[in-house]
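Asks: This structure is in structure tokens; I'll ask about it shortly.
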């Protein structure tokens, strides 16, 4: 093996931790991108509206859950599927 | 100065309520009333939601349901919700047997008397009358700055059914409360005491002269007991993420284990000869365990003025279980403000399920008796659609009155079963149509 090749491999080896570090950094940056999602407390004007709540009408949701629980083979998902009635 | 202080205090409380709302909404969805509504009220005031719902199927079941739910906020941001539900059910329900070119006679589940289904009609048992009373309570409170806890109880009693349940949830907020991870557990114990007792699975329905002296003892031979029970354990993990000022998303995974009596004691299966004529009716039989899993996704988006400040709510659920059933559900609502005090909300729901492995619309009399069989269309292949709308208006500034009207259509389909000649002119997979009408008043 020529000296140049040996030098190249040595350099590559010494760079490996750096490559690993940059991959790790990229992952961390991507993950923290998640933390750039969202709003500041003073930007919650629209999110605080009733119609933006994930369950904006709990009463409708409870009634619908009861209907579909008794008429279909699936239940829950959004909240607990539960038992609760011998509905036919 | 005092005034400013009290205003600042109030504002802080409202912000905390908003945070609590976000944290609890991921999991506690239907169990906790919307705390953004609580925000508008003084902390120690009760806020009530009441509703009357009428569910009416064409020629089948009709149900009326009344709900009154009270929510009260306390000084340290605790929220108590109490809910009373009363419903009454009457009408006819498919007994599982298939339509025939001739009239069919069936014995009522109680063993007292019989009923006749005319030729060409889907057999319906018209003895369903039941009243149910249900109580729910839920207590939610912050445990630390970023952790919210909630516990709840459930009690439901019908003439022939008792259900008891408890649940507990924890939610952790991070990323300036823009992200929430939550997990919950619930446990239900249900006891079923059906009229006429629990039928012996796969035994033949006794049909004949119910006034004969041997009738009672013959009927008792088709029974294995007065009651049976089941337990349901649900686990749910959720993640909620605020995307930006206009958008919020939620993701849930749930795992549910049901153990015990999962058979429907009122359902039977027709046993047909090679021409398709019923020779016998046997009581259905289902496994005594079921494991269900589901993933659920939701996105809500607040459009701007160009789209009338409409709020779009889109959800998707994929459910699968170890009975071989899988289903897709897409549910969408658009809340469109009309002037400043009312809104119009169109709703479309699409549902599709595959059949349980042991589902059969009927059996062949030459076929060996399987261990499990059910002809209940609700675990067969089916597509269902709901279309409707809601109109809501603010009354006296803060009380809301709303009306909802929807059409629900279930379309069972043939999952690959061959039809003997006698069934060619019969409706083996009848469509079920229902109207859902609801009035809600929040005050």
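Protein chains in written order, with the numbering used here: chain A, 1 to 88; chain B, 1 to 443.
Note that beta-carbon positions come from the ideal geometry of N, C-alpha and C, so glycine has one too.
(1) Using a Cβ-Cβ distance cut-off of 8 Å, determine whether residue 80(A) contacts chain B.
(2) Within its chain, find whatever has a CB closer than 6 Å to the CB of residue 266(B); leave out the 5 residues flanking it on each side and keep chain order.
(3) Comparing alpha-carbon positions, which option in 165(B), 170(B), 103(B) lies nearest residue 135(B)?
(4) Taking 8 Å as the threshold (C-beta atoms), are residue 141(B) and residue 444(B) in contact?
(5) Give the DSSP-derived three-state secondary structure of residue 346(B) in the structure shown.
(6) Taking just the CA atoms, how far does residue 271(B) sit from residue 413(B)?
(7) Could you check if residue 83(B) is buried or exposed, using at least 16 other CB atoms within 10 Å of its CB as the buried criterion?
(8) Alpha carbon to alpha carbon, what distance is there between residue 185(B) and residue 202(B)?
(9) Helix or strand or just coil, what does DSSP make of residue 17(B)?
(10) Keeping to the same chain, check which residues put their C-beta closer than 7 Å to that of residue 410(B); ignore five residues upstream and five downstream.
(11) With DSSP as the reference, label residue 307(B) as helix, strand or coil.
(12) Return helix, strand or coil for residue 31(B), following the three-state DSSP convention.
(13) When you compare only the Cα positions, how much space is there between residue 320(B) and residue 258(B)?
(14) Find the nearest neighbour of residue 315(B) within the set 94(B), 322(B), 296(B), judged by alpha-carbon distance.
(15) For residue 391(B), which residues of its own chain have a beta-carbon under 6 Å away from its beta-carbon, when the five flanking residues on both sides are left out?
(16) If we call anything under 8 Å between Cβ atoms a contact, is residue 74(A) one with residue 329(B)?
(17) I think residue 169(B) touches residue 149(B), with their Cβ atoms under 8 Å apart; what is that distance to the nearest whole Å?
(18) Got a sec: is the Cβ-Cβ distance from residue 395(B) to anything in chain A below 8 Å?
(19) Near residue 251(B), which residues of its chain fall below 6 Å by C-beta distance, leaving aside the five closest residues on each side in sequence?
(20) Going by DSSP in three states, residue 191(B) sits in which element: helix, strand or coil?
(21) So, is residue 196(B) buried or exposed, given that buried needs 16 or more other C-beta atoms within 10 angstroms?
(22) Can you check whether the C-beta of residue 21(B) is within less than 8 Å of a C-beta belonging to chain A?
(23) Give the interface partners of residue 436(B) over in chain A, defined as CB-CB distance under 9 Å, in chain order.
(24) Would you decide whether residue 359(B) is buried or exposed? Buried here means 16 or more other CB atoms lie within 10 Å of its CB.
(25) Once the 5 residues before and after residue 335(B) are set aside, which same chain residues still bring their CB inside 6 Å of it?
(26) Leaving aside the five residues before and after residue 349(B) along the sequence, list all residues of the same chain whose C-beta is less than 6 Å from its C-beta, in chain order.
(27) Would you say the beta carbon of residue 302(B) comes nearer than 7 Å to a heavy atom of the ligand NAD?
(28) Report yes if the CB atom of residue 96(B) is closer than 8 Å to the CB atom of residue 375(B), and no otherwise.
(29) Can you check which of these residues, 63(A), 71(A), 68(A), is closest to residue 49(B) by C-alpha distance?
(30) Is the number of C-beta pairs between the region 421-429 of chain B and the region 40-49 of chain A that are closer than 8 Å three or more?
(31) Quick one: what's got a C-beta closer than 8 Å to residue 131(B)'s C-beta in the same chain, skipping five residues either side?
(32) What in chain A is Cβ-close to residue 107(B), meaning under 7 Å?
(33) In its own chain, which residues sit with a C-beta less than 6 Å from the C-beta of residue 219(B), not counting the 5 before and 5 after it?
(34) Can you find the residues in the same chain that come closer than 6 Å, C-beta to C-beta, to residue 23(B), ignoring five residues on each side of it along the sequence?
(35) Per DSSP, what are the beta-bridge partners of residue 138(B) in this structure?
(36) Note down the Cα distance separating residue 248(B) from residue 333(B), rounded to an integer number of angstroms.
Replies: According to the structure data:
(1) Closer than 8 Å: yes.
(2) Cβ neighbours of residue 266(B) beyond the five flanking positions: 109.
(3) Each of 165(B), 170(B), 103(B) was checked against the Cα of residue 135(B), and the nearest Cα belongs to 165(B).
(4) Only positions 1 to 443 of chain B appear in this structure, which leaves residue 444(B) out of reach.
(5) Strand at residue 346(B).
(6) Looking at the backbone, the Cα of residue 413(B) and that of residue 271(B) are separated by about 20 Å.
(7) Under this definition residue 83(B) is a buried residue.
(8) Cα to Cα, residue 202(B) sits roughly 35 Å from residue 185(B).
(9) Bear in mind that the predicted position of residue 17(B) carries a pLDDT of just 42, short of 50, making it unreliable; the figure below should be weighed with that in mind. If DSSP states are grouped into helix, strand and coil, residue 17(B) belongs with the helices.
(10) These residues qualify, in order along the chain: 382, 384, 431, 432.
(11) Residue 307(B): helix per DSSP, three-state reduction.
(12) Its pLDDT being 34, under 50, residue 31(B) is placed unreliably in this model, and the value from its coordinates should be taken loosely. If DSSP states are grouped into helix, strand and coil, residue 31(B) belongs with coil.
(13) Cα-Cα distance, rounded: 14 Å.
(14) Taking only the C-alpha atoms, the option nearest residue 315(B) is 296(B).
(15) Closer than 6 Å at Cβ, skipping near neighbours: 344, 403.
(16) Going by C-beta atoms, residue 74(A) is nearer than 8 Å to residue 329(B).
(17) By a beta-carbon distance limit of 8 Å, residue 169(B) contacts residue 149(B). Their separation comes to about 7 Å.
(18) Chain A, which has no Cβ nearer than 8 Å to the Cβ of residue 395(B), makes this no.
(19) Within the same chain, Cβ atoms closer than 6 Å to the Cβ of residue 251(B) are found at 239, 297, the five residues on either side in sequence being excluded.
(20) Strand, per DSSP.
(21) Buried, since its Cβ has 16 or more Cβ neighbours within 10 Å.
(22) With a pLDDT of 44 at residue 21(B), under the threshold of 50, the modelled position of that residue is not reliable, and no figure is offered here.
(23) Correct list: 63, 64, 67.
(24) Under this definition residue 359(B) is a buried residue.
(25) Cβ neighbours of residue 335(B) beyond the five flanking positions: 311, 343, 345.
(26) Around residue 349(B): 331, 386.
(27) With respect to the ligand NAD, the structure shown offers nothing to examine, as it has no ligands at all.
(28) Yes, the Cβ-Cβ distance between residue 96(B) and residue 375(B) is below 8 Å.
(29) Cα-wise, what sits closest to residue 49(B) is 63(A).
(30) The region 421-429 of chain B is not in contact with the region 40-49 of chain A.
(31) Taken in chain order, the residues that qualify are 86, 87, 88, 89, 158, 159.
(32) Residues of chain A passing the Cβ test: none, with the nearest at roughly 17 Å.
(33) Hits under 6 Å: 111, 206.
(34) Low local confidence applies: a pLDDT of 40 at residue 23(B) is under 50, so the model's placement there is unreliable, and no value is given.
(35) Looking at the DSSP assignment, residue 138(B) forms a beta bridge with 81(B), 152(B).
(36) Rounded to whole angstroms, residue 248(B) to residue 333(B) spans 15 Å at the Cα level.
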